[in-house]
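From first to last, the protein sequence lines are chains A and B.
Okay, so the first sequence: first residue is 30 according to the numbering used here, each after it adds one.
Okay, so the second sequence: first residue is 167 according to the numbering used here, each after it adds one.
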Amino acid sequence: MGSPARPLRIVMAKVGLDGHDRGVKVVARALRDAGYEVIYTGLRQTPEMVVDAALQEDAQVIGLSLHSGAHMTLFPAVVEELRRRDATDILVFGGGIIPDEDVVELKKMGVAELFTPGTPLQDIVEWLRRRFPDGARPVPGELAAGQP
Amino acid sequence: MSVRYRTGSVHEAREAWRRDYAAGGVRDDGIETSTISGLEVEPLYTSEDVAGNQEEMPGQYPYTRGIHAGGYRGRLWTMRQFSGFATAEETNRRYKYLLANGQTGLSVAFDMPTLMGQDSDAPTSRGEVGHCGVAIDSLADMETLFDGIPLGRVSTSMTINSPAAILLCMYLAVADRQGVPFDRVDGTLQNDILKEFIAQKEFIFPPQPSMRLVVDSIEYCTREVPRWNTISISGYHIREAGSTAAQELAFTLADGFAYVDACLERGLKVDEFAPRLSFFFDAHVDIFEEIAKFRAARRIWARHLRERYGARDERSCKLRFHTQTAGVSLTAQQPELNIARTAVEALAAVLGGTQSLHTNAMDEVLALPTDRAARIALRTQQMVAYETGVANTVDPLGGSYFVERLTDRMEEEAEAYFERIDSYGGVIPAIEAGFMQKEIADAAFRHQQELEQRRRIMVGVNEFTTEEDDHLEILRIPASLEAEQAERVREVRKRRDAARAGRALEQVRRAAARSDENLMPHILEAVRAFCTEGEIMGAMADVFGLYTEKAVI
């Protein structure tokens with residue numbers, strides 16, 4: 030885990046084939062504005078590519094976004110890949126069009142949290158603050174108060 | 167606000183109103199009074215605000231009031247519900263159900279692997295097959311999809327872009343097998359690659375060869391499939407990615423001009439191909455802004471086509487468009503409310519003069535629609551058509567001070583964006599510089615902040631929430647489907663004439679390498695030889711290469 034002097038590093042990734050990147054970009058900006066270091070991988074990442082990026086960037090958190098309905102296959106595949114590479118200390122969260130029943134299942138499979146449509150950005154930030162109390166670089170003003 | 171002319175009495179009356187308005191006090195609840203796009207609007211508009219274009223009639227240049235003199239008195243819009251899921255067989259059943267329920271045209275939704283030019287048995291198709299549309303790998307699937315549906319009598323819209331030429335050839339091959347000549351085949355291919363680079367990001371090849379494929383298909387259809395709408399230049403995805411209404415309008419029309427330029431460069435004459443260009447817009451929930459956007463779109467297109475491109479055929483100047491209600495306006499919370507949102511948006515589309523309409527189902531924010539939700543969505547636009555009376559008068563909001571002024575504003579904003587795009591050297595350089603992508607991401611972020619700060623309200627999301635369970639039954643795609651579809655495509659590869667398929671793919675590769683050859687006849691032969699979508703895309707990728715974008719947040 031990162032020392033308090035170093036902000037939490039988060040790899041944000043689009044897994045699967047869909048190109049809907051509105052959500053992931055909005056969340057990435059909000060997390061950056063909240064004082065985290067955010068690395069956005071871009072589109073169409075395989076689970077292997079996502080884990081590679083997280084290890085290379087020495088990230089403690091992976092955020093996954095998917096809107097095509099393949100979450101039940103691809104989110105667990107990322108968790109499995111972390112297990113295979115002995116990197117289960119990296120926390121995985123996800124977002125997208127994910128029905129309630131699937132949220133329950135995915136949590137059982139090792140995805141730490143899922144954020145579905147309508148979630149305030151503040152909820153995601155607060156969740157990270159709870160998980161990593163020392164993770165954010167201090168930011169002047171409120172969350173997302175200023176444009177980058 | 168600009169004052170175009172003034173008459174003594176109106177001006178005085180307005181001043182008197184202004185005093186009363188100020189004295190009455192205004193709401194101070196912190197809620198934005200600008201449009202959902204952030205466009206400031208006045209509390210009142212009068213005859214002082216409108217330009218002198220009040221003599222324009224529907225069906226007359228520049229078609230602000232509609233492209234047909236008779237509006238919906240002449241003909242109602244086409245009710246065209248976008249659908250497709252699971253296998254070709256399942257989707258074929260849904261199409262027959264929709265046609266039996268009064269739908270008047272088909273619209274195919276493909277799954278992600280099909281949209282991305284991959285076969286169902288490709289490793290990267292894992293988990294995606296049949297989920298957000300129907301899986302089509304080869305002509306065999308396309309034949310199943312339209313089994314028992316006479317292609318000479320229905321018009322079909324196909325939402326596909328990078329592999330659009332292949333799917334069009336599959337459709338033509340099915341028509342051929344049904345004995346329908348190409349000149350009787352009617353429908354629309356989305357085929358709009360530019361907005362993929364800008365917004366939806368389902369690109370495969372780099373921009374230049376992608377544009378060549380689009381122009382190849384336009385050129386081919388101009389000669390062989392004259393009733394086909396060769397492209398549906400789309401703002402929908404731009405808007406859904408977070409743009410404002412003005413950005414949607416501007417970027418879409420700029421794309422349209424880029425296609426016109428590319429076809430002219432090929433040597434086509436503007437009046438040969440422009441009548442078959444069509445458009446596709448979003449209908450968001452801010453009703454007047456949307457109506458103004460549709461009206462401005464027609465006017466801008468007409469002016470540019472006539473004045474800049476010298477079009478003489480009036481059909482070249484008439485912007486025809488399909489509309490879909492805004493997916494992004496729907497909420498997972500209290501999802502039945504989506505029926506009401508969709509009704510308002512459908513009204514905006516109709517008041518804006520759309521030629522065809524898809525109304526979203528309430529559960530589309532959660533999954534693909536169930537039969538019940540799909541039926542309610544179709545019934546919603548049937549109510550707009552037959553109960554509300556809005557179809558009885560042509561352009562019923564023409565002359566509204568507010569709508570006319572907003573229409574002018576939309577036009578001004580679009581023209582300003584055209585200049586900025588020109589300063590990059592055109593649409594493709596602007597895409598490569600990330601200009602539109604950045605504008606859209608900024609607008610999306612701004613909107614999200616407004617929601618966070620509750621300066622905008624989404625009912626059920628950041629206000630008027632409920633703890634009640636608002637669970638809807640949703641459509642589930644069986645997990646076994648992927649393996650079955652993968653088996654089906656392997657079977658096709660096994661059963662076909664291997665030598666013919668191999669030759670056809672080689673011809674596609676060879677034609678791709680020659681810029682003076684139209685790819686369409688070669689793709690058609692490959693499709694008929696039962697080459698799969700993935701194989702044909704692969705053959706072209708050998709020559710064209712693949713595109714990746716620089717990821718920016």
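Ideal placement from N, C-alpha and C gives every residue a C-beta, glycine not left out.
Buried/exposed call for residue i, threshold 16 Cβ in 10 Å
{"i": "Phe446 (chain B)", "result": "buried"}
{"i": "Arg507 (chain B)", "result": "buried"}
{"i": "Ile197 (chain B)", "result": "exposed"}
{"i": "Asp195 (chain B)", "result": "exposed"}
{"i": "Phe630 (chain B)", "result": "exposed"}
{"i": "Val718 (chain B)", "result": "exposed"}
{"i": "Gln187 (chain A)", "result": "What the structure shows of chain A is the stretch from 30 to 177, and residue 187 (chain A) is not part of that stretch, so it cannot be assessed."}
{"i": "Glu171 (chain A)", "result": "In this prediction, Glu171 (chain A) has a pLDDT of 41, which is less than 50 and means its spatial position is unreliable; nothing more can be read from the coordinates."}
{"i": "Ile452 (chain B)", "result": "A small correction: the amino acid at residue 452 (chain B) is Asp; Ile does not occupy that position in the sequence shown. When all chains shown are included, Asp452 (chain B) counts as buried."}
{"i": "Thr714 (chain B)", "result": "exposed"}
{"i": "Leu150 (chain A)", "result": "buried"}
{"i": "Thr554 (chain B)", "result": "exposed"}
{"i": "Ala533 (chain B)", "result": "buried"}
{"i": "Trp183 (chain B)", "result": "exposed"}
Chain A contact for residue i (CB, 7 Å cutoff)
{"i": "Arg185 (chain B)", "result": "no"}
{"i": "Gln366 (chain B)", "result": "yes"}
{"i": "Ile505 (chain B)", "result": "no"}
{"i": "Phe248 (chain B)", "result": "no"}
{"i": "Ile404 (chain B)", "result": "no"}
{"i": "His731 (chain B)", "result": "Residue 731 (chain B) is absent from the structure shown; chain B starts at 167 and stops at 719."}
{"i": "Ile332 (chain B)", "result": "no"}
{"i": "Ile719 (chain B)", "result": "yes"}
{"i": "Thr418 (chain B)", "result": "no"}
Best match in the options for proximity to residue i [C-alpha to C-alpha]
{"i": "Val531 (chain B)", "options": "B:Glu629, B:Ile640, B:Ile542 and B:Asp448", "result": "B:Ile640"}
{"i": "Ala540 (chain B)", "options": "B:Met528, B:Ala551 and B:Gly591", "result": "B:Met528"}
{"i": "Thr548 (chain B)", "options": "B:Val674, B:Arg231 and B:Met245", "result": "Reading the sequence as shown, one finds Gln at residue 548 (chain B) and not Thr. Looking at the Cα atoms, B:Met245 is the closest of the given residues."}
{"i": "Ile384 (chain B)", "options": "B:Ala331, B:Met336 and B:Pro595", "result": "B:Ala331"}
{"i": "Glu366 (chain B)", "options": "A:Leu84, A:His96 and A:Lys137", "result": "The displayed chain sequence assigns Gln, not Glu, to residue 366 (chain B). Ranking A:Leu84, A:His96 and A:Lys137 by Cα distance to Gln366 (chain B) puts A:His96 first."}
{"i": "Ile315 (chain B)", "options": "B:Ser304, B:Gln344, B:Pro289 and B:Ser323", "result": "B:Gln344"}
{"i": "Met278 (chain B)", "options": "A:Gly48, A:Leu103 and A:Met41", "result": "A:Gly48"}
{"i": "Val140 (chain A)", "options": "A:Leu150, A:Gly92 and A:Asp152", "result": "A:Gly92"}
{"i": "Asn258 (chain B)", "options": "B:His637, B:Ser409, B:Gly204 and B:Val300", "result": "B:Val300"}
{"i": "Val274 (chain B)", "options": "B:Ala252, B:Gly268 and B:Asp287", "result": "B:Ala252"}
{"i": "Leu430 (chain B)", "options": "B:Ala449, B:Val391, B:Leu355 and B:Gly476", "result": "B:Gly476"}
{"i": "Thr396 (chain B)", "options": "B:Tyr590, B:Ser444 and B:Ala428", "result": "B:Ser444"}
{"i": "Leu72 (chain A)", "options": "A:Gly64, A:Pro162 and A:Ser94", "result": "A:Ser94"}
{"i": "Gly326 (chain B)", "options": "B:Arg461, B:Phe248 and B:Ile542", "result": "Here residue 326 (chain B) is Ile; the residue named in the question, Gly, does not match the sequence. Here the closest residue by C-alpha is B:Phe248."}
{"i": "Thr322 (chain B)", "options": "B:Pro501, B:Arg393, B:Phe460 and B:Ile505", "result": "B:Arg393"}
Neighbouring residues, chain A, relative to residue i (Cβ below 7 Å)
{"i": "Leu379 (chain B)", "result": "Correct list: empty, because the minimum Cβ distance to chain A is about 18 Å."}
{"i": "Met549 (chain B)", "result": "The premise fails here: Met549 (chain B) is roughly 27 Å from chain A at the closest Cβ pair, so nothing lies under 7 Å."}
{"i": "Ala607 (chain B)", "result": "Lys54"}
{"i": "Phe710 (chain B)", "result": "Chain A residues near Phe710 (chain B): none, gap ~17 Å exceeds 7 Å."}
Beta-carbon neighbours of residue i, restricted to chain B and to distances below 8 Å
{"i": "Ser94 (chain A)", "result": "Correct list: empty, because the minimum Cβ distance to chain B is about 12 Å."}
{"i": "Leu150 (chain A)", "result": "Gln614 and Glu618"}
7 Å Cβ cutoff met for residue i and residue j
{"i": "His403 (chain B)", "j": "Lys435 (chain B)", "result": "no"}
{"i": "Ala492 (chain B)", "j": "Glu511 (chain B)", "result": "yes"}
{"i": "Ser482 (chain B)", "j": "Leu496 (chain B)", "result": "no"}
{"i": "Ile643 (chain B)", "j": "Ala420 (chain B)", "result": "no"}
{"i": "Val381 (chain B)", "j": "Gln651 (chain B)", "result": "no"}
{"i": "Val79 (chain A)", "j": "Ala116 (chain A)", "result": "no"}
{"i": "His524 (chain B)", "j": "Gln500 (chain B)", "result": "no"}
7 Å Cβ cut-off: residues of chain B touching residue i
{"i": "Asp50 (chain A)", "result": "Lys367"}
{"i": "Asp47 (chain A)", "result": "Met278"}
{"i": "Ala99 (chain A)", "result": "Gly293, Glu294 and His297"}
Within-7 Å CB hit, residue i to chain B
{"i": "Asp131 (chain A)", "result": "no"}
{"i": "Pro146 (chain A)", "result": "yes"}
{"i": "Thr102 (chain A)", "result": "yes"}
{"i": "Tyr69 (chain A)", "result": "yes"}
{"i": "Ala165 (chain A)", "result": "no"}
{"i": "Pro128 (chain A)", "result": "yes"}
{"i": "Leu60 (chain A)", "result": "no"}
{"i": "Pro36 (chain A)", "result": "no"}
{"i": "Pro105 (chain A)", "result": "no"}
{"i": "Leu135 (chain A)", "result": "no"}
{"i": "Ala57 (chain A)", "result": "yes"}
{"i": "Leu157 (chain A)", "result": "no"}
Under 9 Å by beta carbon: chain A residues contacting residue i
{"i": "Pro372 (chain B)", "result": "The premise fails here: Pro372 (chain B) is roughly 15 Å from chain A at the closest Cβ pair, so nothing lies under 9 Å."}
Near the ligand FAD: residue i beta-carbon under 6 Å from a heavy atom
{"i": "Ser273 (chain B)", "result": "In the structure on display, the ligand FAD does not appear, and there are no ligands present to speak of."}
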